[in-house]
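Heads up, the sequence shown is in the working numbering, so the first residue is 1 and it goes up one at a time.
Positions of the beta carbon are idealized from the N, C-alpha and C atoms, including for glycine.
Structure first, then comments.
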Amino acid sequence: MKNRTHITSLYGIGGIAGVAQKRVVEAAKQLGINELAIFTYDDLTDSPSELTKRIDGILAGMEMGDNVIFQSPVWISSKFEKRFIDKVKLYQGKVIIFINDVPPMMFVSNEVLMPNFIEVYNKADLLIVSSENMKEYLVDKGVTVKKIIIQNLWDIPVEFEKSSETKYLSKISFAGSDKKFGISEKLKSSDIKVEIYDNRPDSKEIPDNIHYSGYVDEISLLSRLHEGGFGLIWSEDEHIKNYMHYCNSYKMSTYLRAGIPIVAHKSISCANLIEKNNWGILVDTLEEAVEVINNMSEEEYQKYIDSVSKVSFLLGNNWFTKKLLVDSIYKL
């Protein structure tokens, strides 16, 4: 019987982390890859034998020689990940670890766990990492896996209504937590409209140029972003900004799928992609971004729109994820 390929999918976790994993699995299924469902739980209560039984149940459909794409992290523990991959190895197939996020880099309190995650990553036959910056960082931290493929972009396989052509607007849109990323505080004195897709805070006075749209579903968000202006990927928090130098921003794919250009810091992991493909502007400060946008002509803006429209189509059809998975399996 021909060896098959399986991919893990995490259940019981919300937010972007859960959505991202599910969408990778959707693309994988379209390629004939089988899903291995993992339900999040607290593994501190598991004895070694209970953990073995749990993993055996997840892998019940595997046969000798089958390959597995393991999406990490599973937000259970590195112990679970180690045991799971060791068990997969007993089937004598190959293991691809698709690193969606690196918890020790995301949270200061988790930095001490980095050696545990490096140990997990080194069990792979091939790694999928977010960016060239991430590859260099992990190798510097001790990753020895020779086969590494770069992801670059998340797909957004969502259709949405486009009621009008995207047009130049002196407007910056931000889809995310204002409190977490500190956007309004930096732009409150600027002469540009700022649309923040977050709930309006009760405890402070809102400047005239700042508007809070609250939470909107993804389809509505894409339609509203499509009207025009720029999508912002930014953080005034230094720790988050540093992580953006390595990770893939889901916001970037959302803005590109909506058909609008990006505003991002020059240090962002995908800076070369943005610059090479004319997907937006890279700046050192938000003040610089406002100046560039306000001095931009409609003709200049249209060039960005023409470039972004090409990648928007690909993002909507899972093109990047499918190519990533095919390339990874081929390189094993």
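Under 7 Å between C-beta atoms of residue i and residue j
i      : j      : result
Ile118 : Lys135 : no
Trp154 : Ser253 : yes
Ala258 : His226 : yes
Leu232 : Phe174 : yes
Lys167 : Val120 : no
Tyr250 : Ile16  : yes
Phe160 : Ser223 : yes
Phe181 : Ser267 : no
Asn116 : Ser78  : yes
Gly12  : Thr40  : yes
Ser338 : Asn295 : The requested residue 338 does not occur in the structure, where the chain is confined to residues 1 to 332.
Asn272 : Ser307 : no
Ser312 : Leu256 : yes
Ile305 : Gly280 : no
Ala20  : Leu325 : no
Ile58  : Leu36  : yes
Phe80  : Ile172 : no
Tyr246 : Ser269 : yes
Ile156 : Leu315 : yes
Tyr215 : Met105 : no
Gly65  : Asn152 : no
Reference residue i; option with closest CA among the options
i      : options                     : result
Asp42  : Glu50, Leu36, Gln30         : Glu50
Glu132 : Lys87, Asn248, Leu44, Arg4  : Asn248
Val74  : Glu26, Ser184, Gly18, Val25 : Gly18
Phe84  : Met105, Pro103, Arg54       : Arg54
Asn337 : Glu298, Thr5, Lys186, Asp56 : A question about residue 337 goes unanswered here, because the residues of the chain that appear run from 1 up to 332.
Asp217 : Tyr197, Phe230, Ile281      : Tyr197
Thr285 : Ile274, His265, Glu275      : His265
Residue i versus residue j: straight-line alpha-carbon distance, rounded
i      : j      : result
Tyr91  : Glu63  : 7 Å
Gly142 : Met114 : 10 Å
Val24  : Leu187 : 35 Å
Ser72  : Ile183 : 30 Å
Pro103 : Glu111 : 8 Å
Asn100 : Phe107 : 15 Å
Ser203 : Glu299 : 41 Å
Asp56  : Ile7   : 15 Å
Ser9   : Asp208 : 44 Å
Glu185 : Gln302 : 30 Å
Glu238 : Gly14  : 25 Å
Ile76  : Val129 : 20 Å
Glu26  : Glu287 : 40 Å
Ser163 : Gly228 : 12 Å
Tyr137 : Phe98  : 16 Å
Glu275 : Asp191 : 26 Å
Asn199 : Glu165 : 28 Å
Ile329 : Val158 : 26 Å
Thr321 : Lys241 : 25 Å
Pro48  : Asp327 : 36 Å
Val139 : Ser297 : 43 Å
Glu195 : Ile38  : 37 Å
Cut-off 8 Å between Cβ atoms - residues of its own chain near residue i, not counting five sequence neighbours on either side
i      : result
Leu332 : Asn67, Lys94, Ile96, Asp125, Leu126, Lys147
Ser309 : Gly259
Lys89  : Val95, Lys123
Val292 : Ile281, Val283
Ser189 : Pro207
Thr52  : Arg83, Lys87
Limits of the unbroken beta strand (DSSP E) element including residue i
i      : result
Phe230 : 228 to 233
Gly57  : Gly57 -> not in any beta strand (DSSP E); alpha helix (DSSP H) instead, spanning 48 to 58.
His6   : 5 to 11
Gly316 : Unbroken run through Gly316 is the alpha helix (DSSP H), 298 to 316; no beta strand (DSSP E).
Ser72  : 67 to 72
Ala37  : 34 to 39
His245 : Unbroken run through His245: none, as it is neither H nor E.
Ala264 : 262 to 265
Leu222 : Element bounds for Leu222: not the beta strand (DSSP E) but the alpha helix (DSSP H), 218 to 225.
Cβ-based neighbour list, residue i, same chain, cut-off 6 Å, excluding 5 preceding and 5 following
i      : result
Val283 : Ala289
Gly193 : As written in the sequence, residue 193 is Lys, which differs from the Gly given in the question. Result list for Lys193: Lys171, Asn209, in chain order.
Ile206 : none
Pro201 : none
Endpoints, the alpha helix (DSSP H) within which residue i is located
i      : result
Lys323 : 319 to 331
Ile286 : Reading the sequence as shown, one finds Leu at residue 286 and not Ile. From DSSP, the alpha helix (DSSP H) with Leu286 extends over 286 to 294.
Phe84  : 78 to 89
Ser190 : Careful: Ser190 lies outside any alpha helix (DSSP H) and carries neither H nor E.
Ala175 : Unbroken run through Ala175: none, as it is neither H nor E.
Ala27  : 15 to 30
Lys128 : Residue 128 is actually Ile in this sequence, not Lys. Looking at the DSSP string, Ile128 is not in any alpha helix (DSSP H); the run it does join, the beta strand (DSSP E), is 126 to 129.
Phe160 : Element bounds for Phe160: n/a, residue is neither H nor E.
Own chain residues within Cβ distance below 7 Å of residue i, not counting five before or after
i      : result
Ala60  : none
Lys87  : Ile55, Leu59
Thr144 : Asn122
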